[in-house]
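When you read off a place in the sequence shown, starting at 1, and then add 110, the result is the number in our numbering.
Where is the CB? At the ideal position from N, CA and C, for every residue including glycine.
Beneath this line is the structure, given in structure tokens, with notes to follow.
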Amino acid sequence: MSRNRELFKKIFALALPVMFQTLMVNLLNMTDTVMMGMLSENAISGVSVANKIFSIYTVVIFGITNGTGIFLGQYSASSEKEKTSDIFSFGIQLCVGVAVIALLIFLLFQDVIVRIYLTDLEVIRLSGIYLSILTVSTIPFALTNSYMVLYRIMDRAKIPSIVSSTSVLLNVVLNYVLIFGKLGLPALGVAGAAIATVISRIYEMTLLVVLLKRYVPTVKPRLHPKLTRSLKRTVIRNSFALMTNEFLWTLGYNVVFINYSFAGESFIPAITAVDNIGQLTNILFQGFSASISVLVSKTLGEGKLEETKKNVRIFVIVGFALSMFSSVLLILTRSVAPAIFNLQAENLAMAARMMVIKGAFAWTMGVGYTTYYILRAGGDNKSVLMVDGLYTWYGPALFSFVTARLLGLDILSVYFFTEAIGLSKAAIGLLCLKNGRWLRTLVEEN
Numbered sequence: 111m112s113r114n115r116e117l118f119k120k121i122f123a124l125a126l127p128v129m130f131q132t133l134m135v136n137l138l139n140m141t142d143t144v145m146m147g148m149l150s151e152n153a154i155s156g157v158s159v160a161n162k163i164f165s166i167y168t169v170v171i172f173g174i175t176n177g178t179g180i181f182l183g184q185y186s187a188s189s190e191k192e193k194t195s196d197i198f199s200f201g202i203q204l205c206v207g208v209a210v211i212a213l214l215i216f217l218l219f220q221d222v223i224v225r226i227y228l229t230d231l232e233v234i235r236l237s238g239i240y241l242s243i244l245t246v247s248t249i250p251f252a253l254t255n256s257y258m259v260l261y262r263i264m265d266r267a268k269i270p271s272i273v274s275s276t277s278v279l280l281n282v283v284l285n286y287v288l289i290f291g292k293l294g295l296p297a298l299g300v301a302g303a304a305i306a307t308v309i310s311r312i313y314e315m316t317l318l319v320v321l322l323k324r325y326v327p328t329v330k331p332r333l334h335p336k337l338t339r340s341l342k343r344t345v346i347r348n349s350f351a352l353m354t355n356e357f358l359w360t361l362g363y364n365v366v367f368i369n370y371s372f373a374g375e376s377f378i379p380a381i382t383a384v385d386n387i388g389q390l391t392n393i394l395f396q397g398f399s400a401s402i403s404v405l406v407s408k409t410l411g412e413g414k415l416e417e418t419k420k421n422v423r424i425f426v427i428v429g430f431a432l433s434m435f436s437s438v439l440l441i442l443t444r445s446v447a448p449a450i451f452n453l454q455a456e457n458l459a460m461a462a463r464m465m466v467i468k469g470a471f472a473w474t475m476g477v478g479y480t481t482y483y484i485l486r487a488g489g490d491n492k493s494v495l496m497v498d499g500l501y502t503w504y505g506p507a508l509f510s511f512v513t514a515r516l517l518g519l520d521i522l523s524v525y526f527f528t529e530a531i532g533l534s535k536a537a538i539g540l541l542c543l544k545n546g547r548w549l550r551t552l553v554e555e556n
């Protein structure tokens with residue numbers, strides 16, 4: 111019992127700052143959507159699509175930072191702590207390289223990409239305006255996420271939480287001022303929202319970089335990381351595997367979004383509102399899942415395999431319970447929550463129906479993601495792909511394509527079948543967890 115109490119203390123210490131940070135970010139996303147709704151439903155659709163496109167880049171960065179984070183976690187808990195600075199520095203180099211490539215793609219092919227999602231010319235125009243400004247934040251976003259992962263690994267999770275929260279508040283204020291033209295400034299609309307996001311991300315990056323020396327003095331960024339070629343290859347291989355997984359995952363869900371748009375482009379505002387509400391009701395699970403990766407990677411790095419196995423059983427149960435809480439909350443608030451987004455009557459009614467469907471299957475995704483974070487922490491990249499990246503394609507992407515384009519079903523039916531396939535994600539994740547391939551120590555292997 112005392113062991114479980116200590117475990118929950120560790121989970122709480124890691125999860126609480128992430129929950130707070132996630133809450134602030136989700137409130138920002140919701141505030142953005144509400145303010146766009148005050149402009150028009152076209153503005154909601156345009157900004158939503160631009161963010162979907164940019165999310166392809168963001169999850170690639172998540173893949174790299176979490177891939178290097180596995181090594182940061184295991185080495186920081188091993189006898190070779192001095193390698194932490196080199197792995198961190200090498201991870202930054204990988205992220206900046208990817209950021210430069212993404213920046214070039216956005217600059218050269220923005221219009222082509224936007225037109226894959228949309229047909230309405232006004233929504234295309236608004237989406238293009240927002241995305242062209244947002245691309246300025248590609249490199250700051252990469253650096254910010256590299257530093258956030260490091261702070262969490264080094265038991266300084268409060269730092270990114272506080273920094274991110276102040277960044278969110280700055281973004282909300284700037285949104286209000288720049289979108290609607292307050293304090294004597296011109297009303298910039300969608301462009302103002304993008305400028306506010308870029309400024310807040312640069313602020314966030316700057317603060318995290320400056321605070322490193324004070325709060326994590328043992329880690330020093332280096333221009334030339336002192337890692338062997340073999341270890342660099344291993345880090346790249348694992349980071350690339352997770353990056354590929356995250357890329358496949360987000361690209362798959364972008365295909366789902368495109369299929370939703372095909373089935374009913376006019377309902378994009380309703381889908382966006384439901385996504386925002388779903389993220390907000392899920393903050394307990396998101397904070398918990400962030401703690402899973404850190405705790406599993408650290409106990410594996412210490413070679414405590416049996417302790418890790420016992421902890422994982424608890425993680426799965428807790429993950430299920432938190433996801434069920436999110437499911438119930440979505441269903442109970444279906445008639446109230448969508449009203450804050452200034453939706454027209456048709457989209458408002460559709461959002462309420464979609465929340466019931468999302469609530470009915472949210473717990474399945476929670477179980478699936480719990481197993482995903484455990485598999486990822488153990489470096490079982492094949493299982494990670496099976497339960498996450500590839501699953502998105504043979505699950506939601508395939509079902510949304512078949513129901514929307516081949517069967518020609520209405521948007522609500524397409525949404526139902528796409529969400530229901532989450533049952534398979536939960537089952538596959540538990541099977542991958544049971545086979546035990548994730549239960550290994552990367553430090554000893556290297």
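Asked	Found
Cβ pair T382, I234 closer than 9 Å	no
For I121 and P250, the rounded distance between their alpha carbons	29 Å
Rounded straight-line distance, which links the Cα of S310 to that of D498	31 Å
Same chain, Cβ closer than 6 Å to T360, neighbours up to 5 away in sequence not counted	S165, I166 and V169
CB contact check: L415 to chain C, cutoff 9 Å	Checking the listed chains, one finds no chain C in this structure; it contains a single protein chain.
Buried or exposed by the 16-neighbour rule on C-beta atoms within 10 Å, applied to G207	exposed
Residues near A537 by beta carbon distance below 7 Å, same chain, minus five either side	none
Supposed close pair V308, I239 - CB separation, criterion 8 Å	About 13 Å separates the two Cβ atoms, so there is no contact after all.
First through last residue of the alpha helix (DSSP H) which encompasses F164	E151 to S186
DSSP three-state assignment for N281, whether helix, strand or coil	helix
Limits of the alpha helix (DSSP H) - the one that P250 falls within	T248 to I263
Contact under 9 Å by Cβ, S186 with M264	yes
Minimum C-alpha distance to T254 - residue among L182, G476, V422 and I171	I171
Check whether L55 and T481 have beta carbons under 9 Å apart	No information on residue 55 is available, as it lies outside the stretch 111 to 556 that the chain covers here.
M129 vs I393 beta-carbon contact at 9 Å	yes
Proximity below 9 Å, CB of V406 to CB of N386	no
Same chain, Cβ closer than 7 Å to L295, neighbours up to 5 away in sequence not counted	V287 and L288
Nearest-angstrom Cβ-Cβ length linking P506 and G374, presumed shorter than 8 Å	Actually they are not in contact, since the Cβ atoms of P506 and G374 sit about 17 Å apart, beyond 8 Å.
Coil, strand or helix - D196 by DSSP	helix
Where the alpha helix (DSSP H) through D385 begins and ends	I378 to T391
Status (buried if at least 16 other CB within 10 Å, exposed otherwise) for S545	The displayed chain sequence assigns Asn, not Ser, to residue 545. Answer is exposed; the Cβ neighbour count stays below 16.
Proximity to A380 [Cα-Cα], best of G518, I197, S158 and A267	S158
Element boundaries [alpha helix (DSSP H), containing W473]	A455 to A487
Distance, L485 Cα to L322 Cα	29 Å
Exposure label - P335; buried when at least 16 CB within 10 Å	buried
Own chain residues within Cβ distance below 6 Å of Q389, not counting five before or after	N136
Rounded Cβ spacing between F200 and V345 (contact assumed at less than 8 Å)	6 Å
Alpha-carbon to alpha-carbon, E151 and L453	7 Å
Any 3 or more C-beta pairs closer than 8 Å across the region 460-477 and the region 433-443	yes
Residue from L495, G429 and P327 with nearest C-alpha to A472	G429
Where E529 sits in the DSSP three-state scheme	helix
Buried or exposed (CB count within 10 angstroms, at least 16 for buried), T229	exposed
Contact belief for S256 with I211 at Cβ below 8 Å, rounded distance in angstroms	Not really, about 16 Å apart at Cβ, beyond 8 Å.
Identity of the residue in F216, A400 and A514 nearest F367 by Cα	A514
Where M148 falls, given that 16 or more other Cβ within 10 Å makes a residue buried	exposed
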